[in-house]
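So the sequence shown is numbered by numbering that gives the first Met the number 0: it starts at 0 and just counts up by one. All C-beta atoms, glycine included, are put in the ideal place defined by N, C-alpha and C. The structure appears below as structure tokens.
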Amino acid sequence: MTELCFQRCVPSLHHRALDAEEEACLHSCAGKLIHSNHRLMAAYVHLMPALVQRRMADYEAASAVPAVRQKNCCRSRGRR
Numbered sequence: 000m001t002e003l004c005f006q007r008c009v010p011s012l013h014h015r016a017l018d019a020e021e022e023a024c025l026h027s028c029a030g031k032l033i034h035s036n037h038r039l040m041a042a043y044v045h046l047m048p049a050l051v052q053r054r055m056a057d058y059e060a061a062s063a064v065p066a067v068r069q070k071n072c073c074r075s076r077g078r079r
């Protein structure tokens, strides 16, 4: 973020201090990026419970398959 805003808003390094226009540009640029980040994080927080629940279901399904295979394996051995 720092590099992006600096490249956009500070065209030259001839002065030690930022002028008012550069400072306003940096403030605006950083504000937009921070606002975008907040919106992305809000969407992530909103979607995260569904993603976690889906992953848990996938893990449970994956762990159930080896248990079923082992039960079937042991049953077939006992029938011999």
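field: DSSP three-state assignment for SER11, whether helix, strand or coil
entry: coil
- request: Measure the CB-CB distance between CYS24 and ARG7 and report whether it falls below 9 Å.
  value: yes
Distance cut-off 8 Å: VAL9 Cβ against heavy atoms of the ligand ATP: Here there are no bound small molecules, and the ligand ATP is not part of this structure.
message: Give me, in chain order, the residues of the same chain whose beta-carbon lies closer than 7 Å to that of ARG79; leave out the 5 immediate sequence neighbours on both sides.
response: For ARG79, the predicted structure reports a pLDDT of 49, less than 50, and the residue's modelled location is therefore unreliable. A value from the coordinates is still provided. No residues qualify anywhere along the chain.
message: Given this structure, state the Cα-to-Cα distance separating PRO10 from SER35, to the nearest angstrom.
response: 24 Å
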